[in-house]
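Have a look at the structure below, then the notes.
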Amino acid sequence: MRKPKTIISIFCMFVFAVICGTHAVAQEYGSVDDRIMDFYKTKDYQKAPELLESFFNDHHPDREASWYYPTVFFFSKIFPTEQSFNQLMTIYGKSDSEERRFLILVVSLKDKQLLNKLYEKENDAYLKGFIKGIIDDKTKYDPLTADITNSTELDILWSIFFATGDSAPIRKIASVLAWKDIFKHKITTFTGTKEQKKELIKLLSDFNIKYNNEEPDAPMEDCDISVLDSYTEHLESFKKLIKTLNITGEELYRASIKNAAFWSLAANLNRHPLVRTECMKIADDKAAPERNLILFILVKSVMY
């Protein structure tokens, strides 16, 4: 098991990235942000080339940036016709190596046949090799069906939503709320001494979780979110709780993804009617495993 201090450090960095979510990505776009939101509202695909050029003018592609891959997916969705793709290729022709690498990824997500054409046209040895590597790679990644394992994948789903307005990414993000409640499981199966259980009860009270008959009673019926919502206010108790329950770094990371999905949906309900519509559909489905948390999100959205 990793030392609690190490887990906390990793977790804090992760939460900073994932809680900010698409909002942080949008802020990094700077002046192009308004154009992206305008595109989201109008779906005017004729403006896609202008938007891409604005993006390159404002930000040179940085592979290490949090927005890099979500932005690749965004642009892969807004060049739907052959005419618009030809316009993308015009931009490709006047772009530098790093911008071309970015556009190669965009093309690879759109159409492998177009990628083959690009391979034939490209003269740069490095970029030609990069394209060949993508062509030969048989691994297929579909963010709408793949397991969500990190914050970037949440941002990718949001970027697809902003590019298309489709409901599928929202449904996928909401599905994270059906994940196993890790803290609840650890609390329920805790087998400490009488004194250790008394200490556990005290720790849980800092996170508004009651412990009756060895069963946790948490707000929103989810201990993961109850703990992570207020961990910064009770950091020492948080560290002790992780140690007491033997929470691993991987478990904490997964719980934080669920918490991020919860708050990204809550934050976007009032900004985007389509998000609210999909959440209401889930809330109406009594068989949906994520229904209870979605109901709480709808209630919390009134506070925004």
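FYI, in mature numbering (1 follows the signal peptide of the UniProt record, and there is no 0) the residues of the sequence shown are -24 to -1, 1 to 280. Ideal Cβ placement from N, Cα and C applies to all residues, glycine included.
- Selection ARG77, PHE138 and ILE67 evaluated against ASP20 yields PHE138 as nearest (Cα-Cα).
- For PRO249, there is no enclosing beta strand (DSSP E); the residue is part of the alpha helix (DSSP H) that begins and ends at 249 to 260.
- When C-beta atoms of the stretch 246 to 266 are compared with those of the stretch 207 to 222, fewer than three pairs fall below 8 Å, so the two segments do not count as touching.
- It is roughly 35 Å from the alpha-carbon of SER60 to the alpha-carbon of ALA242.
- For LEU153 and TRP134, the gap between their C-alpha atoms comes out near 16 Å.
- Contact check for LYS162 and ILE223: beta-carbon distance about 6 Å, within the 8 Å limit, so the pair qualifies.
- Contact annotation: ILE185 and SER202 have beta-carbon atoms nearer than 7 Å.
- The alpha helix (DSSP H) runs lying completely inside the stretch 66 to 90 and spanning 4 residues or more are 73 to 86, given in chain order.
- DSSP places PRO192 inside the beta strand (DSSP E), whose first and last residues are 191 to 193.
- Here DSSP, grouped into helix, strand and coil, assigns TYR117 to coil.
- In the three-state reduction of the DSSP assignment, ASN222 falls in the coil class, being assigned neither a helical nor a strand state.
- A distance below 6 Å between beta-carbons, with the five flanking residues on each side excluded, links TYR16 to the following residues of its chain, in chain order: PHE138.
- Under DSSP, ASN188 shares a beta bridge with GLU191.
- Boundaries of the alpha helix (DSSP H) around GLY109: 101 to 112.
- Under the three-state reduction of DSSP, PHE183 is assigned to coil, being neither helix nor strand.
- The beta carbon of ALA194 sits closer than 6 Å to the beta carbons of ILE185 and SER202 from its chain, once the five residues preceding and following it are set aside; these are given in chain order.
- 7 Å or more divides the Cβ of GLU266 from the Cβ of ILE146.
- Linking VAL48 to LEU91 through their CA atoms gives a straight-line distance of about 15 Å.
- Straight-line spacing of the CA atoms in LYS86 and SER240 works out to 27 Å.
- The three-state secondary structure of LEU245, taken from DSSP, is coil.
- Using a Cβ-Cβ distance cut-off of 8 Å, the stretch 108 to 124 and the stretch 58 to 77 are not in contact, since fewer than three pairs of beta carbons, one from each stretch, lie closer than that value.
- In this structure, ASP200 keeps its C-beta atom at 7 Å or more from the C-beta atom of ALA237.
- DSSP, reduced to helix, strand and coil, places ASN126 outside both helices and strands of the structure shown, so it counts as coil.
- The DSSP-derived three-state label of ALA139 is helix.
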